[in-house]
Amino acid sequence: MRVKDIMTRDLTAVRENQSLKALIFLLEKSELSGVPVIDKRGTVVGFISERDVIQAALPNYFEMLRTASYLPDINQLSRRLEEIKEDPVSEYMVEDVISVDEDEEDIHVADLIIRNELNRVPVVDEDGMLTGIVQRIDLLGALL
Amino acid sequence: MRVKDIMTRDLTAVRENQSLKALIFLLEKSELSGVPVIDKRGTVVGFISERDVIQAALPNYFEMLRTASYLPDINQLSRRLEEIKEDPVSEYMVEDVISVDEDEEDIHVADLIIRNELNRVPVVDEDGMLTGIVQRIDLLGALL
Amino acid sequence: MILTITLNPAYDLIYWVKEIEQKGETQLSRAFRTHSSAGGKGINVSIYLASVGVENIAMGLIGGHTGRTIKRSLREEGIITNFTWISEETRSNVAILKKGQEDNPIEINSTGPEISERVLDQFMEQYETMLHRVSCVVLSGSLPPGVPKSYYRKLVEKAKETGIRTVVNTGGEYVRPAAKAGPFLIKPDIRERKEVMDQALTNSQSIIDAGRKMLDFGTEFVLLSHGLTGDILISKDKIWELKANREELTVRNRVGAGDSLIGGIIHQLEEGKSVPEAVRYGLAAGMASVEVYEKICRDTSLVRAQLEEITLNELGDSTK
Amino acid sequence: MILTITLNPAYDLIYWVKEIEQKGETQLSRAFRTHSSAGGKGINVSIYLASVGVENIAMGLIGGHTGRTIKRSLREEGIITNFTWISEETRSNVAILKKGQEDNPIEINSTGPEISERVLDQFMEQYETMLHRVSCVVLSGSLPPGVPKSYYRKLVEKAKETGIRTVVNTGGEYVRPAAKAGPFLIKPDIRERKEVMDQALTNSQSIIDAGRKMLDFGTEFVLLSHGLTGDILISKDKIWELKANREELTVRNRVGAGDSLIGGIIHQLEEGKSVPEAVRYGLAAGMASVEVYEKICRDTSLVRAQLEEITLNELGDSTK
């Protein structure tokens with residue numbers, strides 16, 4: 000099987016110039032943990048997830064959590080988020096995005112997803128335009 | 000905030016004696032990637048996820064994917080799964096399950112989830128009975 | 000902790016319309032108000048209980064998009080969910096309330112999907128597990144196709160074995176088997192047919208006779224709320240009559256009134272009230288529910304106002 | 000690639016009932032058949048197109064549980080989804096078809112949630128991005144509250160700037176602004192009111208006059224499908240009349256017939272057919288849809304059978 004046989008043809012994405020606030024609204028409504036970031040033409044230019052938002056709000060949050068010595072206050076995180084919520088997503092997205100094309104073998108995506116511990120991989124056409132997404136669950140659905 | 004303020008009070012779980020087939024039906028319908036395993040009284044005795052099912056079907060699958068030298072055939076996985084689908088989930092679940100109780104601080108769960116790269120952590124009462132689940136998304140929902 | 004069972008849930012859609020006009024080839028109407036909510040009688044009881052802060056678990060059979068919608072919306076209400084999944088789509092029921100005729104709604108129900116034995120086995124496993132942590136089980140509504148008519152009897156018996164109170168609210172052919180298991184309280188639903196246990200209900204005496212038949216099986220209380228006379232509550236040795244002043248009720252939506260009644264009773268029993276007092280409160284909760292657009296009245300001050308309109312009288316010894 | 004726009008989608012629930020009986024305090028009916036599906040006119044066109052293998056993207060505004068259900072069910076149909084989220088719940092529409100009176104259904108629609116400017120800005124951004132990859136845009140149905148009446152004009156103009164064909168299927172007050180932008184094809188929806196562009200439609204001449212008013216703005220084709228006479232297709236220099244034999248149609252469900260018509264036209268245009276031939280096919284698809292219980296007829300052999308019942312005649316020069 001190929002990517003096109005297992006992908007979800009949903010184009011939910013955020014534009015690079017949209018605010019973190021708009022992103023959070025989208026993640027909440029669509030119940031996704033992360034979405035591709037696209038430019039005006041629909042070309043994938045990045046990926047942004049809830050985790051990136053937390054990282055943005057408190058760059059050393061995960062570090063703090065990892066060191067048992069000090070547990071940060073969650074309110075602190077909420078306050079910082081309030082300050083940056085109008086910033087464009089492009090400032091916080093992961094630019095070096097892993098994507099696949101529709102004709103690739105499903106086993107190759109499985110490899111990518113498992114190797115990189117990804118939940119979702121954007122699918123793009125030859126021009127880099129978003130055409131859908133492969134979710135870890137789609138992959139397993141194909142197996143089970 | 001405490002766990003009880005952010006948890007999802009959903010008791011979706013699988014009984015230890017149920018088959019992998021029943022588990023797969025449940026995961027598919029409820030759109031969950033994993034569920035707690037309970038005994039007859041509702042005590043949490045394990046956790047099982049899609050990933051464990053794959054591992055069960057092909058114990059060295061992830062290994063194979065990690066070594067670029069050989070990519071396994073997905074059909075092989077489906078065939079093995081067919082052979083073991085009537086086995087009880089207890090044979091393949093993770094027994095050493097990480098859980099929290101309702102009165103713990105949310106920051107402690109955040110720590111657990113992030114440190115262990117978990118998506119979902121069962122919540123149990125003083126008798127070890129399942130009372131709900133904390134999902135990574137609940138945690139972020141509380142922040143955002 | 001209360002457990003409610005809804006084996007045939009539905010998503011309820013309520014439309015209030017001014018009129019239904021012939022427009023071209025259709026009788027078209029634009030609703031000026033709509034209300035949608037997870038439904039089915041047990042789920043309605045759960046929603047009532049959650050609204051007054053009584054912790055409860057909703058169990059039953061759900062499937063498809065509508066099943067997911069039901070589960071999500073109960074979660075938002077603060078209800079603990081523990082459903083069993085089926086492969087088919089859960090039904091949606093529709094009520095259309097025409098302005099000025101809100102007391103005579105058009106209701107379109109569908110039967111619901113056929114249930115397999117495998118699903119019932121799965122449900123029973125989950126049910127038995129839940130019996131370890133609840134003090135009262137509410138069994139409400141009809142049974143979907145494929146479920147044996149005697150299924151409520153089995154569920155009541157399992158609960159009784161574990162020493163748990165059961166309250167049954169169902170109608171027609173489901174009443175007798177449930178009564179046979181001897182639940183704590185049974186309220187036959189006689190909205191569609193004024194008959195119970197093969198006994199036509201025409202006056203107080205026939206109601207008391209029907210009630211006695213159910214008590215004979217070990218049922219502790221029978222409530223017959225019917226609109227023929229005052230409502231009647233019957234126990235092994237007493238009979239009470241409850242009279243409500245329904246004349247001044249402004250009917251906005253009858254859907255959920257019977258379930259608010261059951262919810263109100265359980266709410267008060269949890270607070271330690273006697274059964275007759277709890278029933279009186281339940282009737283008030285039912286009446287308050289009729290006066291609001293939403294299915295369930297969440298405002299207890301409206302319930303308390305109705306409570307003053309209800310009198311409770313002991314009629315005498317039920318053994319005579 | 001086709002793009003369909005549904006700014007006011009709905010989840011459609013269709014119930015077939017034998018009769019509606021007075022039972023106690025309600026007019027109760029148990030449906031003997033139900034059909035539910037994502038709906039709204041543009042979405043119906045998407046479902047039709049997907050059923051015949053025409054790749055298409057569905058855009059529009061969705062919210063809440065019902066919004067999620069719509070998105071999921073379109074995904075299952077193989078339609079590419081790119082919706083804009085709103086905070087409110089998407090509406091559900093109901094059609095009740097009484098046995099023997101399927102040609103005069105009861106339809107209960109609600110208005111749909113009020114749309115904010117912020118949501119429209121977000122939608123427009125997504126729309127402009129999508130224009131880079133489609134060859135035809137279908138704009139169908141009414142606009143929800145909060146959306147300016149002239150919104151279709153804006154959408155048609157944006158598409159035309161990029162050299163993309165537009166097909167508009169809307170009624171009442173939305174017709175004139177859309178026509179002003181000069182779409183490729185416009186089919187005014189006159190099921191509710193036999194009037195368009197302030198012109199009452201009483202006979203062929205009045206239909207042609209109304210059509211000309213739309214052509215004056217740069218519209219290339221106007222289709223008036225109305226049931227008064229034969230259906231009429233008007234271009235700048237020609238008029239065609241299409242006559243269908245509707246007498247022998249067994250009406251099972253009219254919902255979606257108009258959308259199958261639009262879907263059929265686009266399907267045939269994609270296959271390289273001329274506009275009049277495509278319209279003839281569209282009419283056949285619409286008629287086939289009426290004869291099946293499902294909203295959309297997925298069986299092309301039924302469409303081909305209807306096609307033989309439709310004649311296409313050139314009436315003459317439209318400039319006279």
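Chains as they are written, first to last, in numbering that gives the first Met the number 0: chain A, 0 to 143; chain B, 0 to 143; chain C, 0 to 319; chain D, 0 to 319.
We put the CB at the ideal spot given by N, CA and C, even for glycine.
- The beta carbon of residue 128 of chain A sits closer than 8 Å to some beta carbon of chain D.
- Your pair residue 26 of chain D and residue 92 of chain C does not check out as a contact, with CB atoms roughly 14 Å apart and the cut at 8 Å.
- Beta bridge pairing from DSSP links residue 46 of chain A with A/35, A/93.
- If you keep only unbroken beta strand (DSSP E) runs of at least 3 residues inside the region 0-30 of chain C, you get 1-5, 9-16, 20-22, 25-30.
- DSSP places residue 132 of chain D outside any beta strand (DSSP E), giving it a letter other than H or E.
- Listed in chain order, the positions of the region 2-22 of chain C with a beta carbon within less than 9 Å of a beta carbon of chain D are 10, 12, 14, 16, 19, 21, 22.
- At a beta-carbon threshold of 7 Å, the residues of chain A lying near residue 136 of chain B are 32, ordered along the chain.
- Contact check for residue 167 of chain D and residue 150 of chain D: beta-carbon distance about 12 Å, past the 8 Å limit, so the pair fails to qualify.
- For the pair of segments examined, the region 226-241 of chain D was found not to touch the region 62-70 of chain C: the number of CB pairs separated by less than 8 Å stays below three.
- Of all residues in the region 78-99 of chain C, those with a C-beta nearer than 7 Å to a C-beta of chain B are 79, 80, 81, 84, reading in chain order.
- Under the DSSP assignment, residue 97 of chain C falls outside any alpha helix (DSSP H), being part of the beta strand (DSSP E) whose first and last residues are 90-97.
- For residue 29 of chain A, the nearest CB of chain D lies under 8 Å from its own CB, placing it at the interface with that chain.
- Proximity to residue 74 of chain D across A/84, A/75, A/132 peaks at A/132, based on C-alpha coordinates.
- One alpha carbon belongs to residue 182 of chain D, the other to residue 242 of chain D, and they sit about 25 Å apart.
- For residue 191 of chain C, the neighbours in chain D by C-beta distance under 8 Å run, in chain order, 22, 23, 27.
- Selection D/286, D/262, D/71, D/200 evaluated against residue 165 of chain D yields D/262 as nearest (Cα-Cα).
- Assignment of alpha helix (DSSP H) within the region 97-131 of chain B, counting only whole runs of 4 or more residues, yields 105-114 in chain order.
- According to the DSSP assignment, residue 276 of chain D belongs to the alpha helix (DSSP H) that extends over 274-289.
- Fewer than three pairs of CB atoms, one per stretch, sit closer than 8 Å, so the region 34-48 of chain B makes no contact with the region 106-114 of chain B.
- Judged by DSSP secondary structure, residue 209 of chain D falls within the alpha helix (DSSP H) whose first and last residues are 203-214.
- Measuring C-alpha to C-alpha distances from residue 119 of chain A to each of A/125, A/137, A/127 identifies A/137 as the nearest.
- Taken atom to atom, the span from the alpha-carbon of residue 52 of chain C to that of residue 260 of chain C is near 16 Å.
- Residue 98 of chain C sits exposed, since fewer than 16 C-beta atoms from the chains shown fall within 10 Å of its C-beta.
- Against chain A, a Cβ distance below 8 Å from residue 201 of chain D picks out nothing, because the smallest value is about 46 Å.
- Counting of Cβ neighbours within 10 angstroms places residue 135 of chain B among the buried residues, the total reaching 16 or more.
- Residue 108 of chain D: member of the beta strand (DSSP E) spanning 105-109, first to last residue.
- Those residues of the region 131-142 of chain C placed with their C-beta closer than 9 Å to a C-beta in chain B are 131, 132, ordered along the chain.
- Counting along the chain, no beta strand (DSSP E) covers residue 252 of chain D, and no H or E run does either.
- Within the same chain, 6, 114, 119 come within 7 Å of residue 146 of chain D by CB-CB distance, once the 5 residues on both sides are set aside.
- Contact between residue 222 of chain D and residue 137 of chain D fails: their C-beta atoms lie close to 13 Å from each other, not under 8 Å.
- Where residue 4 of chain A is concerned, the enclosing alpha helix (DSSP H) starts and stops at 2-5.
- For residue 293 of chain D, none of the residues of chain C pass the 8 Å Cβ criterion, the least Cβ distance being about 14 Å.
- In this structure, C/172 is the residue among C/128, C/130, C/172 with its C-alpha nearest to the C-alpha of residue 140 of chain C.
- Judged by DSSP secondary structure, residue 304 of chain C falls within the alpha helix (DSSP H) whose first and last residues are 299-306.
- If you look at residue 24 of chain A, you'll find it in the alpha helix (DSSP H) that goes 19-29.
- Per the Cβ contact rule, the region 39-50 of chain D is not in contact with the region 33-48 of chain C (fewer than 3 Cβ pairs under 8 Å).
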